[in-house]
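Colleague:
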Amino acid sequence: MRTQTALRYFFVCVVIAMITVGCGTNGHLTRRYKSLTLTEQNNLDHYMDVSVFITDPDPTPPTPKKTIFDLSPAAQKELIRQFSCFEKNASSVITDISKPLSASPKADIRFIDYTRIPKRIVLTLKNKSHWPADRISKAEIHLCLSKEVRLLSCNRLETAFQTVDLGKVNYSNSLSAEVTGNLGVGASSSVENGGGNAWKSTRTRYDGDNNTYQQTDGSEDGSSTYYKTTDGSTNSQGLNGKLSGSRSFSEEVLLRQRIVALNVSVENNTLSVLQESISGIDLTGNIIADIVFDGQTQQQNVAVTKTFSFDDLTQADGQPIDPNKVGTQEVIITYFNFLNDITADLGFTGDFRHVNKKHKTITESDDCVTVYYCDTMQPRNVVLLRHEDLNPKFFELLESNIKLPLKIKSPTGTQGTLWFRDYSEASDFRMWLQQVYAKHYDTTNRKIVLKNGYEILFPKGSLIDNFSVYRS
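Anchor point for the sequence shown: position 217 equals 217 in the working numbering, and the numbering is continuous, going up by one each time.
Pasting the structure below:
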């Protein structure tokens, strides 16, 4: 009976174990890590770094002019017919229809405001770890501009979310078990008696393992009377059992995750940039944002410079145009006269994911991870722009020997240094002066008169060949 009870108990335990293991099966590849420890640090300089660089933004491309190919087929046909009515030569018609349909008028710019300065900021995030499994999982960069400037806007203020399809993961788990059992018990006895006190007894026992045990007891007294009596019984019991079980678990999932690809905010003259990563992706790289800032008027003086530009100085055949036919345009430029460099406090916070164990595999589900995080920024001061790079560039024609500039006098009688906004304009004007100098130079008043009463004034003792272009 004890053996039967033990077997039944064993069967029940196996069934319970199978049900428990089968129901407790979980996915493995969908895990972010195997174990995680969060550790706060005073700073993350040992694990990651950030730097900043400023450059000019990309210029806005001009709007392309429309040509005949922008018209509908019917309009193209009619336009060609109209050209052919005035041009009898086929080559002339082809030349005319290939030109833009409308010529852009020359822009009459009278005022340029350089007090609002557009710049492109490039923030570079670096992973300083040499372990391939380590990565930057979250980073927030702060760039606080100095008080000399005021941050006005940024082109990346709209949060950019990103949903990343990580792929398909399949996981399966199966469990099966089979148990058999057999139990048998039996007994028999016999007695032989020859009369008197003579007797003989034999007992046989059987166990469940098919083993036989016999025991014989008896005595004889020599009497001639003999009889044999068999008094016994055989009792056999058996228990046969077979238990089998099978349970399978299959998992299939499309891994997707929505992250903050880039979030930029502006507050208290500080540009803040936030990035988050997904499994297996490090945040090392560049973050580009275009900003606009100006100078604080109470601390910086607004400077004003009058520059000049001129009409075409040469004819179609390359000959110089007479000075009395050259028009002059005045352009007023305002800008902040920065005397000091523009600096900023650059700092960052974030999470750095360091893998302690199981870093040999590319999948992160088996990683034993320590996340080092820092919520307190410890910025360092960096130079964003040199003050000489902030002020606009002006060019003048300076006499090399006497170090005096070429001047211009307006019809109202005011005069000043002849400033150009572009080096090529200053160089072209110098070459034009050399070509017309001998014919149109007034030696008495040391000047050349242009159209509308403008006068080019030469310093005393200067030579036309000694003038060169210099940057202010």
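Note that beta-carbon positions come from the ideal geometry of N, C-alpha and C, so glycine has one too. Just so you know, these numbers come straight off a predicted model, no measurement behind them.
Can you have a look at D113 and say buried or exposed, based on whether 16 or more other CB atoms are within 10 angstroms of its CB?
Modeller: What you label residue 113 is simply residue 113 of the sequence shown in a count that begins at 1. Flag for D113 reads exposed.
Colleague: Taking its Cβ as the centre, do 16 or more other Cβ atoms sit within 10 Å of S137, making it buried, or is it exposed?
Modeller: On the sequence shown, position 137 is the one that residue 137 refers to. Label assigned to S137: buried.
Colleague: What residue does the beta strand (DSSP E) around R32 start on, and which one ends it?
Modeller: For this step, residue 32 is matched to residue 32 along the sequence shown. Neither: R32 is in no beta strand (DSSP E) and is coded neither H nor E.
Colleague: Which term fits Q415, buried or exposed, when burial requires 16 or more other beta carbons within 10 angstroms of its beta carbon?
Modeller: For the purposes of this step, residue 415 is taken as residue 415 along the sequence shown, with counting starting at 1. Counting Cβ neighbours within 10 Å, Q415 comes out exposed, since fewer than 16 surround it.
Colleague: So, at 6 Å on beta carbons, what are the nonlocal neighbours of W432 in its own chain, with the 5 sequence-adjacent residues on each side left out?
Modeller: Within the sequence shown, residue 432 is the residue found at index 432, counting from 1. Contacts found: L313, P320.
Colleague: In or out: I362 buried (at least 16 other Cβ within 10 Å) or exposed?
Modeller: In the sequence shown, residue 362 corresponds to position 362, counting from 1. Exposed: under 16 other Cβ atoms inside 10 Å.
Colleague: Is the beta carbon of L151 closer than 8 Å to that of I333?
Modeller: Translated into positions along the sequence shown, residue 333 becomes position 333. Translated into positions along the sequence shown, residue 151 becomes position 151. No, Cβ-Cβ distance for I333 and L151 is not below 8 Å.
Colleague: When burial is assigned at 16 or more other CB atoms within 10 Å of the CB, is P118 buried or exposed?
Modeller: For the purposes of this step, residue 118 is taken as the residue at position 118 of the sequence shown. So P118 counts as exposed.
Colleague: Measuring straight from C-alpha to C-alpha, what distance separates Q434 and R110?
Modeller: Within the sequence shown, the letter at position 434 stands for residue 434. Within the sequence shown, the letter at position 110 stands for residue 110. Q434 and R110: Cα-Cα distance of roughly 28 Å.
Colleague: Are the stretch 390-402 and the stretch 273-287 in contact at 8 Å, needing three or more beta carbon pairs?
Modeller: No, the stretch 390-402 does not touch the stretch 273-287.
Colleague: Buried or exposed for T225, going by 16 or more other Cβ atoms inside 10 Å?
Modeller: Stepping through the sequence shown from its first residue, residue 225 is reached at position 225. Unreliable placement is indicated for T225, whose pLDDT of 46 sits below 50; no coordinate value is reported for it.
Colleague: What does a CB cutoff of less than 6 Å around P405 pick up in its chain, not counting 5 residues either side in sequence?
Modeller: The residue labelled residue 405 in the question sits at position 405 within the sequence shown. E396, L398, T417, listed in sequence order.
Colleague: Secondary structure at S272, three-state DSSP: helix, strand or coil?
Modeller: On the sequence shown, residue 272 is found 272 positions in, with the first residue counted as 1. Strand at S272.
Colleague: On the CB-based measure, 16 or more other CB atoms within 10 Å of its CB, does Y423 come out buried or exposed?
Modeller: On the sequence shown, residue 423 is found 423 positions in, with the first residue counted as 1. Exposed: under 16 other Cβ atoms inside 10 Å.
Colleague: Quick check for students: name the residue ranges of the alpha helix (DSSP H) that lie wholly in the stretch 386-451, counting only runs of 4 or more.
Modeller: Within the stretch 386-451, the complete alpha helix (DSSP H) runs of at least 4 residues are 387-390, 423-440.
Colleague: Do H387 and V369 have their C-beta atoms within less than 8 Å of each other?
Modeller: Here residue 387 corresponds to residue number 387 of the sequence shown, with the count starting at 1. Here residue 369 corresponds to residue number 369 of the sequence shown, with the count starting at 1. No. Outside cutoff.
Colleague: With a threshold of 16 other CB atoms inside 10 Å of the CB of L271, please say whether the residue is buried or exposed.
Modeller: What you label residue 271 is simply residue 271 of the sequence shown in a count that begins at 1. Under this definition L271 is a buried residue.
Colleague: Which residues share a DSSP beta bridge with M48?
Modeller: The count along the sequence shown starts at 1 and reaches residue 48 at position 48. Partner(s): N127.
Colleague: Quick one: Cα of A107 to Cα of L339, how far?
Modeller: As a working note, residue 107 is residue 107 in the sequence shown. As a working note, residue 339 is residue 339 in the sequence shown. In this prediction, A107 scores a pLDDT of 49, lower than 50, which makes its location untrustworthy; the coordinate-derived value is nonetheless stated afterwards. Taking the straight line joining both Cα atoms gives about 33 Å.
Colleague: Mind reading off the beta-carbon distance from N60 to V122? Whole number of angstroms is fine, and I expect it under 8 Å.
Modeller: Within the sequence shown, numbered from 1, the residue matching residue 60 stands at position 60. Within the sequence shown, numbered from 1, the residue matching residue 122 stands at position 122. The amino acid at residue 60 is misidentified as Asn; the sequence shows Thr. Actually they do not touch by this definition, with Cβ atoms about 19 Å apart.
Colleague: Going by the beta-carbon positions, is the gap between T328 and N127 smaller than 8 Å?
Modeller: In the sequence shown, residue 328 corresponds to position 328, counting from 1. In the sequence shown, residue 127 corresponds to position 127, counting from 1. No, the Cβ-Cβ distance between T328 and N127 is not below 8 Å.
Colleague: Of the residues V50, D294, A139, K34, which one's Cα is nearest the Cα of F352?
Modeller: Numbered from its first residue, the sequence shown carries residue 352 at position 352. Closest by alpha carbon: A139.
Colleague: Ends of the beta strand (DSSP E) at G295?
Modeller: Residue numbering aside, residue 295 sits at position 295 when the sequence shown is read from its first letter. Run containing G295: 285-295, per the beta strand (DSSP E) assignment.
Colleague: Do you know whose CA, among C144, Y372, E330, lies nearest D311's CA?
Modeller: Position 311 of the sequence shown, counted from the start, is the residue given in the question as residue 311. Ranking C144, Y372, E330 by Cα distance to D311 puts E330 first.
Colleague: At what residues does the beta strand (DSSP E) containing Y372 begin and finish?
Modeller: As a first step, residue 372 must be located in the sequence shown, where it is residue number 372. Its beta strand (DSSP E) spans residues 368-374.
Colleague: Quick check on N155: does DSSP put it in helix, strand or coil?
Modeller: In the sequence shown, the residue the question calls residue 155 occupies position 155. Coil.
Colleague: With DSSP run on the structure shown, which of helix, strand or coil describes I464?
Modeller: Here residue 464 is taken as the residue at index 464 of the sequence shown, counted from 1. DSSP places I464 in helix when its eight states are reduced to three.
Colleague: Alpha carbon to alpha carbon, how far is I448 from L385?
Modeller: Counted from its first residue, the sequence shown places residue 448 at position 448. Counted from its first residue, the sequence shown places residue 385 at position 385. Straight-line Cα distance between these residues: approximately 41 Å.
Colleague: Evaluate C154 with the Cβ neighbour count: other Cβ atoms within 10 Å of its Cβ, from every protein chain shown; 16 or more gives buried, anything less gives exposed.
Modeller: The sequence position of residue 154 within the sequence shown is 154, counting from 1. Buried is the call here.
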